[in-house]
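Worksheet: one structure, shown below.
Chains as they are written, first to last, in the numbering used here: chain D, 1 to 363; chain X, 1 to 363.
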């Protein structure tokens, strides 16, 4: 029975008795959640989208569903966000699944991985290519359900102290890079380094490492890498479009009224668009300033890109052979990817190509 | 006073009187709206997103805010959607602003226009480049407020009975194309034709027209153009990413509880992503089938693209000189566009370029 019917029908009959609150569940109860993020407040596009998401949820529920947001380290460290949700310490987190490759390499594929999908393709795969179903099935093992909540867009290849011209220049290179991309680069002689964001600058300055990747112009600019490692390479072939997620404790999610579940979905979509638009609007100016301040843009050479592509496929094959979950998800991505670029190269790429040329010619 | 407080405090006191519905405004009242679309049901990505949007709104309000959707012609014809909202016949519509260039050419810029922005850039301009503010200010004159609600992504250049190799081949061409792009093409001798979607095939078959543009592979395939005009040109330089809008009667919007206003915003974002992902997932297979069924893909030649670019800039200059609203919006778009492609050509384009090449080489 709907609450309104209760009031007009049963309510009048019971009028002589004291009116207690209806025993039925309220359709829009007051609920307070905590969301821990894997990102610091300084990454204001990443973390800012989480604050915006929480604001949207509150607004769409007339302030009844309140999600308090915490940056990395306030409740748990950045990379323990998933654990905190699984254990119920917090109801949800904002994170990148690929931070948990140590638990299972399949996590990487839910964010982005070497030579996988660009930003829009990742979204299309999630919604209509089977991605959401595969992600939901896989993450069930970790007690969480995923909702897409942002994308960094295509990232840069990072900052290098010296130019990297030949494949052999990668040999022995101490590169701050993690996850699957680190494993790929190991095949080419790179020595992957794990260093927290705050320590990268000093390590580059001292020469403890030779190179480091971070995000893209807007986030990179804040750390000032161009002063100590001026060669700024592109593209970040290991992050063609890194998808962020809201991961929610399954039990907590199931306890929500259906209405609030829908609000989480829609507010996540609003935050997703917000983050992508924010990066798209802020990266150009940051790139311009970086170049003015000494950054030297360099594309990875075709031989280097091809060697990395080959090494990536080896890592994919090895990991697929050892891990059925990984194989299932990666097979889905590659099947989707093939046709995607068949189409992408036509209208989208044709339009962008012409616009880029016109710009270069000053038109 | 909140409804809950009313029940527990005043409710008990008034218990001997018949219990009427509270006279205070309910925070989550039952509301029913009608939304007329400019699209027929057969365009199931475009119209389907509107149905999905309405479903999201209902789910996020526990069925209290119901938006009934109507396809083009059910209440008013496709191109009278804006008028129907302005006059209050319906509370809102799903439409493309560029359908109303007859009222004011500024409308075109709110959807897409020749050599303007791609899909993501349009979203970034709307959110962080001043677009939403300009659109809101302009559309106030027509009694509506805009919420972004989808994008067709980059469109194709259309179907041609004969190959178009030289700029001079455009001279005298009867081309089904509307709006600003039609005016641009007129400068190159094209005779723009206005023909409803259902009549294009017959006109192409009889030779009443020489060419027609529609949307992209997924929507075009349904109309079977490849049988009568096999040359399928790209890119649709006049639609680098056509943004759809929910246009809402300002008074009706202002009467909504803030909560429902937020729900409209978030559900529109969810529908926006849904539509883009749907096109991205369905266009590749459709393109493959079109080619298998006789479509012959052709890029517009560089001289043709450049002539069209030049003619577009003439139309922009002429229209800007005559219309201050148009000038204001177009100046904002071009300022935003310049830096966008500075960045886009680096990581995004670099990633896509490599992936397209690898695919072409069968890797």
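Here a beta-carbon is modelled for each residue, glycine too, at the ideal position from N, C-alpha and C.
* **Between the CA atoms of residue 292/X and residue 274/X - distance to the nearest angstrom** => Translated into the one-based positions of the second chain, residue 274/X becomes position 274. Translated into the one-based positions of the second chain, residue 292/X becomes position 292. Using only the alpha carbons, I get a separation of about 28 Å.
* Using a Cβ-Cβ distance under 8 Å, would residue 123/D count as near chain X? -> Within the first chain, residue 123/D is the residue found at index 123, counting from 1. Chain X contact via Cβ: present.
* Asked: CA-CA distance, residue 131/X and residue 289/D?
  -> Mapped onto the second chain, residue 131/X falls at position 131. Mapped onto the first chain, residue 289/D falls at position 289. Approximately 24 Å, taken between the alpha carbons.
* To do: Within the same chain, show all residues whose beta-carbon is closer than 7 Å to that of residue 241/D, passing over the 5 residues directly before and after it, in chain order.
  => Here residue 241/D is taken as the residue at index 241 of the first chain, counted from 1. Apart from sequence neighbours up to five positions away, the residues of its chain that approach residue 241/D with a beta-carbon distance below 7 Å are 112, 117, 118, 119, 122, 151, 153 and 154, ordered along the chain.
* Asked: Would you say residue 297/X faces chain D, with C-beta separation under 8 Å as the test?
  -> Position 297 of the second chain holds residue 297/X. At least one chain D Cβ lies under 8 Å of residue 297/X.
* Per DSSP, what kind of secondary structure is residue 28/X in: helix, strand or coil? -> By one-based count along the second chain, residue 28/X stands at place 28. Residue state, collapsed to three classes: coil.
* Asked: Is any beta-carbon of chain D found at less than 8 Å from that of residue 235/X?
  -> The sequence position of residue 235/X within the second chain is 235, counting from 1. Yes, because at least one Cβ of chain D sits closer than 8 Å to the Cβ of residue 235/X.
* Asked: Thinking C-beta only, is residue 352/D closer than 8 Å to residue 344/X?
  -> Mapped onto the second chain, residue 344/X falls at position 344. Mapped onto the first chain, residue 352/D falls at position 352. Going by C-beta atoms, residue 344/X is nearer than 8 Å to residue 352/D.
* Please confirm whether residue 38/X and residue 84/X have their CB atoms less than 8 Å apart. => Looking up residue 38/X in the second chain gives position 38. Looking up residue 84/X in the second chain gives position 84. No, they are not a contact pair.
* When the distance is taken between beta carbons, is residue 230/X closer than 8 Å to residue 296/X? -> Indexing the second chain from 1 puts residue 296/X at position 296. Indexing the second chain from 1 puts residue 230/X at position 230. For the 8 Å CB-CB criterion, residue 296/X and residue 230/X form a contact.
* CB contact flag (residue 187/X, residue 314/X, <8 Å) -> In the second chain, counting from the first residue as 1, residue 187/X sits at position 187. In the second chain, counting from the first residue as 1, residue 314/X sits at position 314. Closer than 8 Å, so yes.
* **the stretch 191 to 210 of chain X / the stretch 321 to 339 of chain X touching (three or more Cβ pairs under 8 Å)** => The stretch 191 to 210 of chain X and the stretch 321 to 339 of chain X do not touch, with fewer than 3 CB-CB distances between them shorter than 8 Å.
* Does the distance from the CB of residue 144/X to the CB of residue 248/X come in under 8 Å? -> Here residue 144/X refers to the residue found at position 144 of the second chain. Here residue 248/X refers to the residue found at position 248 of the second chain. For the 8 Å CB-CB criterion, residue 144/X and residue 248/X form a contact.
* Can you check the stretch 167 to 210 of chain D for any alpha helix (DSSP H) of at least 4 residues that lies completely inside it and give the ranges in chain order? => Whole alpha helix (DSSP H) segments, 4+ residues: 179 to 186 and 200 to 206.
* Asked: Looking only at DSSP bridge pairs, what is residue 160/X linked to?
  -> For the purposes of this step, residue 160/X is taken as residue 160 along the second chain, with counting starting at 1. The partner list for residue 160/X (beta bridge, DSSP) reads 211/X and 231/X.
* Inspect the beta-carbon positions of residue 209/D and residue 226/D and report whether they are closer than 8 Å. => Looking up residue 209/D in the first chain gives position 209. Looking up residue 226/D in the first chain gives position 226. No; because the gap between Cβ atoms is not below 8 Å, this pair is not in contact.
* Is residue 283/D helix, strand or coil by DSSP? -> In the first chain, the residue the question calls residue 283/D occupies position 283. DSSP places residue 283/D in helix when its eight states are reduced to three.
* Give a yes or no on contact between the stretch 297 to 304 of chain D and the stretch 256 to 272 of chain D, applying the rule of three or more CB pairs nearer than 8 Å. => The stretch 297 to 304 of chain D, when compared against the stretch 256 to 272 of chain D, does not touch it at the 8 Å Cβ threshold.
* Integer Cβ distance of residue 71/D from residue 47/D, believed to fall under 8 Å -> The residue labelled residue 71/D in the question sits at position 71 within the first chain. The residue labelled residue 47/D in the question sits at position 47 within the first chain. Yes, they are in contact, since the Cβ atoms of residue 71/D and residue 47/D sit about 6 Å apart, within 8 Å.
* To do: May I ask you to list, following chain order, the residues of the stretch 127 to 152 of chain X that have a beta carbon less than 9 Å from some beta carbon of chain D?
  => Residues 127, 128, 129 and 148.
* How is residue 345/D classed by DSSP in three states: helix, strand or coil? -> Your numbering for residue 345/D matches position 345 in the first chain. If DSSP states are grouped into helix, strand and coil, residue 345/D belongs with coil.
* Taking residue 174/D as the reference, give the member of 357/D, 294/D and 159/D with the closest Cα. => Residue 174/D sits at position 174 when you count from the first residue of the first chain. Taking only the C-alpha atoms, the option nearest residue 174/D is 159/D.
* **Whole-number beta carbon distance between residue 138/X and residue 329/X, since they are thought to touch under 8 Å** => Here residue 329/X refers to the residue found at position 329 when the second chain is read from its first residue. Here residue 138/X refers to the residue found at position 138 when the second chain is read from its first residue. A Cβ-Cβ distance of about 7 Å is found for the pair residue 329/X and residue 138/X, placing them in contact under the 8 Å criterion.
* Are residue 98/D and residue 82/D closer than 8 Å when you measure CB to CB? -> If you number the first chain from 1, residue 98/D lands on position 98. If you number the first chain from 1, residue 82/D lands on position 82. No, the pair does not count as a contact, with Cβ atoms beyond the cut-off.
* Asked: In chain order, what residues of the same chain lie with their CB nearer than 8 Å to the CB of residue 163/X, ignoring the 5 residues before and after it?
  -> Locating residue 163/X in the second chain gives position 163, where the first residue counts as 1. Annotation for residue 163/X: 169, 231 and 298 place their beta carbon closer than 8 Å to its own, counting only its chain and skipping 5 residues before and after.
* To do: Determine the DSSP secondary structure at residue 68/D, reduced to helix, strand or coil.
  => As a working note, residue 68/D is residue 68 in the first chain. If DSSP states are grouped into helix, strand and coil, residue 68/D belongs with the strands.
* Asked: Excluding the five sequence neighbours on either side, which residues of its own chain have a C-beta within less than 6 Å of the C-beta of residue 142/D, listed in chain order?
  -> Start at 1 with the first residue of the first chain, and residue 142/D comes out as number 142. Answer for residue 142/D: 86, listed in chain order.
* To do: List the DSSP bridge partners of residue 364/X.
  => Residue coverage of chain X in this structure runs from 1 to 363, which leaves residue 364/X outside it and unanswerable.
* What whole-angstrom Cβ distance do residue 266/D and residue 56/X have, given they're in contact under 8 Å? -> As a working mapping, residue 266/D is identified with position 266 in the first chain. As a working mapping, residue 56/X is identified with position 56 in the second chain. With a Cβ gap of about 6 Å, residue 266/D and residue 56/X count as contacting.
* Who are the neighbours of residue 258/D on chain X, taking C-beta pairs under 8 Å? -> Along the first chain, read from residue 1 onward, the residue named residue 258/D stands at position 258. In chain order: 59 and 62.
* Asked: Can residue 350/D and residue 234/X be called in contact, C-beta distance under 8 Å?
  -> The count along the first chain starts at 1 and reaches residue 350/D at position 350. The count along the second chain starts at 1 and reaches residue 234/X at position 234. Taking 8 Å as the cut-off, the beta carbon of residue 350/D is found closer than this to the beta carbon of residue 234/X.
* Asked: Got a sec: is the Cβ-Cβ distance from residue 263/X to anything in chain D below 8 Å?
  -> Here residue 263/X is taken as the residue at index 263 of the second chain, counted from 1. It does: the Cβ of residue 263/X has a partner Cβ on chain D nearer than 8 Å.
* Indicate whether residue 261/D and residue 253/D have their beta-carbon atoms separated by less than 8 Å. => The count along the first chain starts at 1 and reaches residue 261/D at position 261. The count along the first chain starts at 1 and reaches residue 253/D at position 253. Yes, they are a contact pair.
* Asked: What number of angstroms, rounded off, separates the C-alpha of residue 31/X from the C-alpha of residue 337/X?
  -> Numbered from its first residue, the second chain carries residue 31/X at position 31. Numbered from its first residue, the second chain carries residue 337/X at position 337. Rounded to the nearest angstrom, the two C-alpha atoms are 41 Å apart.
* Looking only at its own chain, which residues have a Cβ that is under 8 Å from the Cβ of residue 326/D, when we skip the five neighbours before and after it? -> Start at 1 with the first residue of the first chain, and residue 326/D comes out as number 326. If we look at residue 326/D and ignore the five residues flanking it on each side, its Cβ neighbours are 104, 105, 106, 109, 319 and 320.
* Asked: With respect to the alpha helix (DSSP H) encompassing residue 86/D, which residues constitute its N-terminal and C-terminal limits?
  -> If you number the first chain from 1, residue 86/D lands on position 86. First-last of the alpha helix (DSSP H) with residue 86/D: 81 to 86.
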